[in-house]
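In my numbering, the protein residues as written are 75 to 275.
A virtual CB, placed ideally from N, CA and C, is assigned to each residue, including glycine.
For reference, the structure discussed in these notes is given below.
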């Protein structure tokens, strides 16, 4: 990861909750859910706007499309919205102002404002994807130590970007935001907080 172009990034670690389309039976399925026997998902993840991905530690909760198939306790309701041909934007992105931890099964989210969203509400039984999109601890000095602090002016020192897990919503959350409750506690922590001297720059 080259962080030399980080100068225009927003000074904040921000938590995002994403909700795409409905729980359709997708015509084409190309990603298999490991946790759900025979359940498959098919989704079109549009590129986030620069204003969204410029946030340092964006966390996404994505409502995924699920196909019909056997499902266990950790799985959503397969094909709950019936068959459909998928096109255009299917994900909806909810920003969240707090860090989500493993100590509970609730995720506060703010109103949907991202223009790259499909603007779909969360319903009970929807499959969600919680994902840490950005989270790198860096040296923010304005010299050749920027990034990894090794004199190259690039890189990072640590972080959890790319961390993710699936969750099942147990309540409804509208586009104005609210608190998502999940069937089980999160197994990982997802950061969202104001920038510091070494994080969120």
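Look up residue i in the DSSP assignment and give the residues it is bridged to.
| i | result |
| --- | --- |
| residue 220 | Beta-bridge pairing links residue 220 to no other residue. |
| residue 359 | The first residue shown for the chain is 75 and the last is 275, placing residue 359 beyond what the model contains. |
| residue 225 | Its beta-bridge partners do not exist; DSSP assigns none. |
Please state the DSSP three-state secondary structure of residue i.
| i | result |
| --- | --- |
| residue 243 | strand |
| residue 214 | coil |
| residue 204 | strand |
| residue 160 | coil |
| residue 151 | coil |
Does the Cβ of residue i have 16 or more other Cβ atoms within 10 Å, making it buried, or fewer, making it exposed?
| i | result |
| --- | --- |
| residue 206 | buried |
| residue 250 | exposed |
| residue 208 | buried |
| residue 191 | buried |
May I ask which residues mark the beginning and end of the beta strand (DSSP E) holding residue i?
| i | result |
| --- | --- |
| residue 170 | 167-170 |
| residue 258 | Residue 258 -> no beta strand (DSSP E), and no H or E assigned at all. |
| residue 180 | 180-183 |
Determine the direct distance from the alpha carbon of residue j to that of residue i, and round the result to whole angstroms.
| i | j | result |
| --- | --- | --- |
| residue 261 | residue 175 | 8 angstroms |
| residue 220 | residue 154 | 48 angstroms |
| residue 168 | residue 238 | 16 angstroms |
| residue 187 | residue 164 | 15 angstroms |
| residue 264 | residue 194 | 23 angstroms |
| residue 218 | residue 229 | 11 angstroms |
| residue 199 | residue 243 | 5 angstroms |
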